[in-house]
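All you need for the working numbering is the position in the sequence shown, starting with 1, plus 1.
Even for Gly, the Cβ is constructed at its ideal location relative to N, Cα and C.
Note that this is a predicted model, so its numbers are computed, not measured.
A quick write-up on the structure given underneath.
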Amino acid sequence: MDGFRSMWIEGGIKSLIEPARSVTSPEAQNQARLLAALSLVVIIFYLLLTIVFMGGDDGRWVWALVSIPGTAIIYAISRSPRYRVGIQVLPVALLGTMLLLLINRPEIEVLLVMVVPVLIAGFFWSPIALAWLTLVSLSLGLVVVAPYSDIQNMMRRSLYILALASAQIIAAVLRRQMKRQLQQRTKELTTAETRFRAVIDNGPDGYFLLRSVRDPSGKIVDFEFADANANGIAQLNHTAATLIGTRMLSLPAEWIPRLFGHFKTVVETRTAHVDEIRSFSSDRRESWWYSVMAVAVEDGVAVTSREITEHKRVHDALRESEARFRNIADSAPVLMWVSEPDKRITYFNRAWLEFTGREIEQEVDYGWVTGLHPDDAEDTLKMYETAFDARKPYQMLYRLRRADGEYRWLLENGVPRFSDQGMFLGYLGSALDITAQKAQEAALRESQAWLEAAMKSLPFDFWAMDVRGRYVLQNEHSRELWGNNIGKAPEELGLRPEVLREWKSLNAQAFAGQESRVEMVYQRGGDIRYHYNVVVPVHDGERIIGIAGVDIDITDTKQMEAKLRALLQAIPDFMARINREGVYLEAIHGGDFTDMMFSDQIVGKKIHQVLPREIADQRLSYVHRALDTGELQTYEYVLESPGSQLRNLEARVSVSGPDEVTVMVRDVTARKEAEERAMDLAMQSKHIELLRRFVGDRTHDLMTPLTILKTSLYLVEKSASANRRAEHLAKFSMQIDNLESMIRNMLMILRLDKPIEDEFEFELQDLNALMTRIVADHQPIAISRQQILLYVEQTNLPLLMFDAEKLERALSNLIDNALKYTPPGGTVSISTGLSGDTVRLTVRDNGRGIPSEDLPHIFDRFYRSADSLSVAGGSGLGLAIVDKIIKAHDGHIKAESEPGRGTAFHIYLPVSTMPLPEDPR
2 MDGFRSMWIE GGIKSLIEPA RSVTSPEAQN QARLLAALSL VVIIFYLLLT IVFMGGDDGR
62 WVWALVSIPG TAIIYAISRS PRYRVGIQVL PVALLGTMLL LLINRPEIEV LLVMVVPVLI
122 AGFFWSPIAL AWLTLVSLSL GLVVVAPYSD IQNMMRRSLY ILALASAQII AAVLRRQMKR
182 QLQQRTKELT TAETRFRAVI DNGPDGYFLL RSVRDPSGKI VDFEFADANA NGIAQLNHTA
242 ATLIGTRMLS LPAEWIPRLF GHFKTVVETR TAHVDEIRSF SSDRRESWWY SVMAVAVEDG
302 VAVTSREITE HKRVHDALRE SEARFRNIAD SAPVLMWVSE PDKRITYFNR AWLEFTGREI
362 EQEVDYGWVT GLHPDDAEDT LKMYETAFDA RKPYQMLYRL RRADGEYRWL LENGVPRFSD
422 QGMFLGYLGS ALDITAQKAQ EAALRESQAW LEAAMKSLPF DFWAMDVRGR YVLQNEHSRE
482 LWGNNIGKAP EELGLRPEVL REWKSLNAQA FAGQESRVEM VYQRGGDIRY HYNVVVPVHD
542 GERIIGIAGV DIDITDTKQM EAKLRALLQA IPDFMARINR EGVYLEAIHG GDFTDMMFSD
602 QIVGKKIHQV LPREIADQRL SYVHRALDTG ELQTYEYVLE SPGSQLRNLE ARVSVSGPDE
662 VTVMVRDVTA RKEAEERAMD LAMQSKHIEL LRRFVGDRTH DLMTPLTILK TSLYLVEKSA
722 SANRRAEHLA KFSMQIDNLE SMIRNMLMIL RLDKPIEDEF EFELQDLNAL MTRIVADHQP
782 IAISRQQILL YVEQTNLPLL MFDAEKLERA LSNLIDNALK YTPPGGTVSI STGLSGDTVR
842 LTVRDNGRGI PSEDLPHIFD RFYRSADSLS VAGGSGLGLA IVDKIIKAHD GHIKAESEPG
902 RGTAFHIYLP VSTMPLPEDP R
């Protein structure tokens with residue numbers, strides 16, 4: 002605490018006597034500091050005099066108090082570049098003050114104090130100037146005390162003269178001592194500067210000294226290079242002659258403005274600054290990195306610049322390497338961690354954190370220990386720390402809690418990390434979850450027991466052979482059939498030469514890494530026996546450690562296959578076995594395919610050699626799909642027979658073995674024809690029923706207006722009132738219109754199945770103009786039903802080729818239906834739009850909508866949904882006629898509806914490609 006206090010006091014005193022920044026010479030700085038210190042001492046002296054003599058009747062305290070502001074001015078001058086004025090003024094001002102005090106009170110104490118200005122001047126003034134000041138002080142002092150002639154005054158004079166002589170001597174000694182110290186310090190400074198210059202000139206860094214350049218207001222506007230070593234000059238690609246005196250902001254480097262701001266802050270705050278800059282060559286093909294440090298020096302900065310290009314490259318490479326390691330570690334499936342030399346683990350990869358379900362902040366240091374199984378924690382931690390202290394790799398097994406709470410077995414490997422210099426950096430660890438492996442080991446032990454039991458009960462020959470070609474394993478059936486061959490080679494079994502050659506060939510293929518499957522024929526006891534042999538290599542990783550095989554007696558199976566083949570040939574279908582590559586392995590053609598396929602000609606060939614390309618591609622895709630999914634695949638296709646007759650075929654593909662399928666093809670031509678006839682009959686029946694219903698509905702519809710007409714004629718005859726007759730005649734006219742509409746629809750029925758394009762008169766017209774007229778015609782109906790009818794047109798629509806009368810009929814039908822099925826207060830909107838080379842017209846309402854089961858049939862003739870039957874009128878032909886008219890315009894119509902929310906009909910008409918007619922003007 003005392004040291005801090007003394008440092009604080011020392012710093013405060015230094016700040017009080019610090020000279021102006023523009024005072025740069027060490028000698029001048031020392032003179033300014035001394036002047037400031039002496040000025041402060043004099044000010045304190047005057048304050049003490051003021052306090053001591055305060056209230057006296059002689060007025061000395063007044064002179065002391067008045068002298069304080071003058072001395073304060075001299076102190077302020079000492080802190081400015083004009084400090085030399087203060088050096089001249091301070092002794093004179095102090096002498097004047099002392100003289101005034103002496104005149105006021107001529108006492109020996111005051112007379113002796115007049116020696117102080119001489120003593121102060123001795124620090125600054127030349128000997129001649131000091132002699133003059135001494136003479137003036139002596140003369141004034143003697144004049145003041147001249148009226149006194151007694152011995153006491155003589156003693157005062159003598160004492161005063163002695164004091165002045167002593168002050169001269171002391172000032173001369175102090176001045177000589179200060180000069181000697183200054184010379185010594187100058188010598189030391191020169192030596193230090195020489196050494197420092199040698200260091201910076203021969204060091205690896207660049208060194209610069211820059212002076213502040215200030216405007217009249219004192220603001221730093223630039224820096225000027227005052228000095229630089231050879232490395233610094235080379236770094237800026239200059240010479241000493243071109244760099245010294247050059248201003249910083251005149252340099253063309255792009256980093257100059259940034260450093261200027263930092264240097265300015267350094268000068269103003271007297272704090273150091275470190276930065277990194279990148280400098281480019283003139284063609285910007287090369288670049289160099291520099292570390293720049295700047296410290297405040299007087300009114301400027303001292304800058305050191307070290308090239309760190311290689312360090313930057315190594316650092317970037319290290320950072321990239323660390324990032325690459327973390328990316329690799331985070332993408333690795335194993336659990337990984339990294340520890341520091343103090344055993345604390347500071348990094349866990351993503352697999353570890355996902356495994357434990359914890360954040361890295363919870364795992365670092367020794368947080369991971371909390372996840373260890375209680376039975377394993379102590380031993381695991383002990384083994385980790387023991388290996389760590391020994392700096393040796395280790396492997397251990399322990400249980401760690403997974404995120405779901407289950408403890409899993411981990412096999413962990415830890416290796417020490419060392420730097421290139423051999424410094425120990427910590428450990429790198431990786432762990433694998435081997436819970437499944439341990440379970441597999443237990444299952445393997447159990448399966449081995451089962452295997453031994455199963456081998457005893459196998460009804461066929463099973464054996465194994467080591468790499469020396471000697472039997473090491475035989476089951477009970479093999480020993481019964483061939484004897485005990487353990488430790489023997491095939492050559493020692495007494496086999497016939499041809500059998501031995503076949504066996505050795507199979508074994509050689511297995512030792513070469515190939516699996517062999519072959520049928521062999523043996524003659525035993527006068528009987529021919531068929532055997533199926535499989536020989537496979539036994540691997541330990543990539544290494545073959547032996548071979549194993551089975552020998553199955555398939556004589557009974559062969560006999561059964563012969564009987565089955567005879568049976569299959571009696572089936573009319575075509576059957577074949579095909580492998581994944583599309584090669585026919587076997588084929589049997591039934592009676593229905595004798596004119597199309599020949600079994601002995603397609604076996605061994607590929608599908609594309611037998612069938613047309615499209616059908617072959619289709620069949621091969623179904624073969625692959627069956628093999629990949631294991632599911633039965635069924636599809637139909639049409640194939641031309643040799644007699645140019647098209648035949649409908651159905652194929653069924655099912656997996657029948659490893660990488661092979663069985664394909665069964667059946668001729669379904671007759672069935673297809675029967676189905677088509679049945680479908681035609683059903684459609685005819687449906688049309689008859691619809692026509693019957695239509696005729697019944699129309700008969701009723703026709704009878705209704707006829708009855709009204711008959712009644713209206715009767716009432717016209719009987720009515721005597723002209724108004725009543727006019728009313729009946731109006732009803733009579735309306736019913737005639739209804740009859741005309743019904744008859745027009747019935748005539749349209751007759752033309753629905755005939756080409757109607759010839760009845761159309763197509764012209765190049767404006768669809769928006771047609772729609773505007775149609776909407777205007779329907780507005781009164783909408784208003785009478787309290788509905789809103791809107792039309793939003795797409796401007797600048799291209800002209801279309803259409804029959805205005807026919808298209809108006811279709812669009813009016815859609816609008817009539819929309820208004821009919823929209824409740825009061827509802828909205829019917831029509832809009833047009835352009836999409837590429839197609840114009841879209843939409844009629845949308847928010848009525849009851851169309852049920853989803855009726856939507857696919859609304860364009861069928863005579864079709865009326867259950868909802869439409871509840872609405873009066875309607876023939877079931879309106880939308881069928883609309884569809885026919887739109888198609889006649891090479892367009893199409895689409896409906897979408899949601900029950901309860903409304904229906905929208907979208908009509909798409911092609912933009913005409915005909916050229917526009919020329920302007921007749």
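Asked	Found
Distance, F461 Cα to A455 Cα	11 Å
Spatial neighbours of A388 in its chain, beta-carbon cut-off 7 Å, leaving aside the 5 residues before and after	Y395 and G415
Simplified DSSP state of V233, which is helix, strand or coil	In the sequence under discussion, the amino acid at residue 233 is Gly, which differs from the Val named in the question. In the structure shown, G233 sits in a helix (DSSP, three-state: H, G or I).
Cβ contact (3+ pairs, closer than 8 Å) linking the region 441-459 and the region 471-480	yes
H858 burial status per 10 Å Cβ neighbour count (16 or more: buried)	exposed
Beta-ladder partner(s) of K505, from DSSP	For K505, which the question treats as bridged, DSSP gives no partner whatsoever.
Cut-off 7 Å between Cβ atoms - residues of its own chain near I88, not counting five sequence neighbours on either side	Q32, L36 and F125
Integer Cβ distance of D767 from L800, believed to fall under 8 Å	6 Å
Among E897, I782 and L798, nearest to L771 - alpha-carbon criterion	L798
Proximity winner among F209, H239, G372 and Y367, relative to V296 (alpha-carbon distances)	F209
I616 versus H609 - alpha carbon distance	9 Å
Enclosing alpha helix (DSSP H) for S622 [first to last residue]	R614 to T630
Cα-Cα separation, V872 to Y822	Because the pLDDT of V872 is 47, which lies under 50, any placement of that residue in the model is unreliable, and the number read from its coordinates should be weighed accordingly. Roughly 9 Å between the two C-alpha positions.
DSSP-derived helix/strand/coil call for H374	coil
Buried or exposed by the 16-neighbour rule on C-beta atoms within 10 Å, applied to S853	exposed
Beta-ladder partner(s) of V24, from DSSP	Answer by DSSP bridge pairing: none, since V24 is not bridged.
Spatial distance of S23 from Y428 (CA atoms)	59 Å
Spatial distance of T670 from L650 (CA atoms)	7 Å
E364 classed as buried or exposed, judged by whether at least 16 other C-beta atoms fall within 10 angstroms	buried
Counted within 10 angstroms of its Cβ, other Cβ atoms place R400 as buried (16 or more) or exposed	buried
Cβ-Cβ distance between Q780 and T828 below 9 Å	no
Chain B within 9 Å of V840, Cβ atoms only	Note that chain B does not occur in the displayed structure, where there is just one protein chain.
Assigned secondary structure, K220 (DSSP; H/G/I helix, E/B strand, else coil)	coil
Proximity below 9 Å, CB of I887 to CB of I908	yes
Sequence-distant residues of its chain with Cβ nearer than 8 Å to A805 (five each side left out)	E764, Q766 and L771
Bridge partner(s) assigned by DSSP for F512	None; F512 has no bridge partner.
Spatial distance of A94 from R212 (CA atoms)	36 Å
Cβ-Cβ distance between A235 and G207 below 9 Å	yes
Assigned exposure category for K345 - 16 Cβ within 10 Å defines buried	Note that residue 345 is Arg in the sequence shown here, rather than Lys. The residue is exposed, with fewer than 16 neighbouring Cβ atoms inside 10 Å.
When Q646, P659, E637 and A65 are compared against M665, the one with the closest alpha-carbon	E637
Proximity of M397 and E386 at Cβ, strictly below 9 Å	no
Cα-Cα separation, D331 to A440	27 Å
N-terminal and C-terminal residue of the alpha helix (DSSP H) that H779 is part of	L768 to S785
Nearest residue (CA-CA) to H274, options E543, T266 and S283	T266
Minimum C-alpha distance to L923 - residue among P417, R469, L102 and L96	The first residue shown for the chain is 2 and the last is 922, placing residue 923 beyond what the model contains.
Cβ neighbour criterion (16 or more within 10 Å) applied to W1	No answer is possible for residue 1: the residues shown for the chain start at 2 and end at 922.
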